Amino acid sequence: MRIDIVTIFPQFFDILDLSLLGKARAQGIIDLHVHDLRDAAHDRHRTVDDTPYGGGAGMVMKPEPWGETLDGILTDSPAADGPLIVFPSPAGDVFQQARAHEFAAEEHIVFGCGRYEGIDQRVFDWAASRARVALVSIGDYVLNGGEVAVMAMIEAFGRLIPGVVGNPASLVEESHSDGLLEYPSYTKPATWRGLDVPDVLLSGHHGNVEKWRHEQQLERTRQVRPDLYEAYTSGADAEGSAER
Ligand code: ADE
1 MRIDIVTIFP QFFDILDLSL LGKARAQGII DLHVHDLRDA AHDRHRTVDD TPYGGGAGMV
61 MKPEPWGETL DGILTDSPAA DGPLIVFPSP AGDVFQQARA HEFAAEEHIV FGCGRYEGID
121 QRVFDWAASR ARVALVSIGD YVLNGGEVAV MAMIEAFGRL IPGVVGNPAS LVEESHSDGL
181 LEYPSYTKPA TWRGLDVPDV LLSGHHGNVE KWRHEQQLER TRQVRPDLYE AYTSGADAEG
241 SAER
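Heads up: the sequence shown at position 19 corresponds to 19 in my numbering, and the numbers run straight through without jumps.
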């Protein structure tokens with residue numbers, strides 16, 4: 001999969017050399033390119049922002065450096081039907097696990113990281129005339145720019161790309177994979193600082209372990225995320241009645 005990132009802080013993405021994603025890059029599973037937006041700003045100060053038309057606080061990112069950078073990326077796209085261009089924004093749809101699976105199935109994704117008060121609207125309008133465009137938020141809070149949001153999204157979908165996580169079974173039993181939060185995990189020693197591992201996990205009885213883990217998932221989800229619990233139990237009811 002090819003990933004392009006446009007940013008004024010390319011160093012943010014140096015850490016994508018590490019860990020599982022770094023390995024996936026070394027193996028050629030992920031082909032990542034980071035572009036410094038300022039390389040397409042041709043004045044002496046490499047200016048990428050200007051004051052907003054109509055007045056107001058803050059600065060707006062100018063369209064020309066975006067146009068030039070995205071032109072190059074679009075021309076280079078390995079995807080027959082072009083890339084998906086994602087602009088992280090607190091005004092976008094909230095990124096969730098389902099979106100992570102969709103992103104993992106893309107052949108080419110471009111991330112455009114805005115800073116300041118945002119990007120000139122014509123960049124989005126023009127990009128949408130050339131490719132699929134999505135505004136995506138990672139949650140209801142405001143970051144200084146899109147870089148950290150892009151890191152979070154890449155972490156979330158990168159691990160779903162086949163071959164990135166060594167043991168694909170580990171993706172099945174984690175939070176959000178089945179609509180519930182994950183069960184608690186324990187390892188040796190069996191007693192630590194007076195705290196014991198639950199007996200059932202030492203019993204060797206696979207069926208009981210499975211049952212206990214599912215109950216833990218339900219209880220955790222009910223307490224911490226009643227919204228997910230409600231969606232899960234109403235879905236389970238609907239399935240049950242469809243079977244009947
Ligand atoms: N940029 C600023 N805040 C953001 C958020 N919550 N999600 C994505 N991009 C952002």
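Backbone N, C-alpha and C fix where the C-beta goes; we use that ideal spot for every residue, glycine too. All of these numbers come straight from a predicted model, not from anything done at the bench.
Close beta carbons around residue i, own chain, < 8 Å, minus the five adjacent residues each side
| i | result |
| --- | --- |
| V209 | V200, L201, S203 |
| R38 | I8, R46, V48, P65 |
| H101 | F157, L160 |
| Y141 | P90 |
| S241 | Residue placement at S241 is flagged as unreliable, the pLDDT there being 41, under the threshold of 50; the coordinate-derived value follows with that caveat. Same-chain partners within the cutoff: there are none. |
Rounded distance between the beta-carbons of residue j and residue i, thought under 8 Å
| i | j | result |
| --- | --- | --- |
| L135 | F87 | 5 Å |
| I85 | A131 | 5 Å |
| F103 | M59 | Not quite, the Cβ-Cβ distance comes to about 30 Å (not below 8 Å), so this is no contact. |
| H33 | D4 | 5 Å |
Limits of the unbroken alpha helix (DSSP H) element including residue i
| i | result |
| --- | --- |
| A100 | 97–104 |
| R250 | Here the chain comprises residues numbered 1 to 244, so residue 250 is not present and cannot be evaluated. |
| F157 | 147–158 |
| R2 | Note, R2: premise wrong, no alpha helix (DSSP H); beta strand (DSSP E) at 2–7. |
| D199 | 199–202 |
| S170 | 169–172 |
| S19 | 19–26 |
| H45 | That residue, H45, is in no alpha helix (DSSP H); it is neither H nor E in DSSP. |
| G72 | 63–75 |
Own chain partners of residue i with C-beta closer than 7 Å, once the 5 adjacent residues on each side are dropped
| i | result |
| --- | --- |
| A41 | T47, V48, P65 |
| P78 | R2, E107, H108 |
| A222 | Looking at the sequence provided, one finds Arg at residue 222 rather than Ala. If we look at R222 and ignore the five residues flanking it on each side, its Cβ neighbours are Y229. |
| P63 | D120, R122, V123 |
| Q216 | Y183, P184 |
| V165 | L20, R159, L171 |
Residue closest to residue i, alpha-carbon to alpha-carbon, out of the options
| i | options | result |
| --- | --- | --- |
| I29 | L20, S89, A91 | L20 |
| G179 | R193, D36, D81, H214 | H214 |
| F12 | V197, R220, E147 | E147 |
| G92 | R193, A190, G139 | G139 |
| A16 | M151, R99, S129 | According to the sequence shown, residue 16 is Leu rather than Ala. Nearest of M151, R99, S129 to L16, Cα basis: M151. |
| G163 | K23, G82, F95, V94 | K23 |
| S129 | A98, R193, G82, H205 | G82 |
Proximal residues to residue i (C-beta, below 6 Å), its chain only, five neighbours per side dropped
| i | result |
| --- | --- |
| E182 | E174, S175 |
| I119 | M61 |
| V6 | H35, L37, T69, G112 |
Residue range of the beta strand (DSSP E) that includes residue i
| i | result |
| --- | --- |
| I109 | 108–112 |
| G92 | 84–94 |
| H35 | 31–36 |
Subject >> the segment 49–64 in contact with the segment 72–89 per 3-pair CB rule at 8 Å >> reply: no
Subject >> Contact between the segment 155–174 and the segment 113–128 (3+ Cβ pairs under 8 Å) >> reply: no
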